[in-house]
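Per full-length UniProt numbering, residue 1 is the first one in the sequence shown, and the count goes up by one each step.
Cβ atoms here follow ideal geometry from the backbone N, Cα and C, with glycine treated the same way.
Worksheet for the structure shown next.
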Amino acid sequence: KLPGIEKKFHGLLAVEEAIREDEELKARLVIEIQEQED
Numbered sequence: 001k002l003p004g005i006e007k008k009f010h011g012l013l014a015v016e017e018a019i020r021e022d023e024e025l026k027a028r029l030v031i032e033i034q035e036q037e038d
């Protein structure tokens with residue numbers, strides 16, 4: 001096993017997870033803004 005590659009892989013997974021959470025947050029914000037406009 002190569003620890004360097006494994007670390008990079010974990011880093012990529014963390015980044016993907018962060019992006020996914022960020023998109024969920026943005027989606028929630030958009031919904032809240034749309035509800036406030038009504």
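Secondary structure at D22: helix, using DSSP grouped into helix, strand and coil. Under the three-state reduction of DSSP, L2 is assigned to coil, being neither helix nor strand. Going by C-alpha positions, K8 is about 10 Å away from V15.
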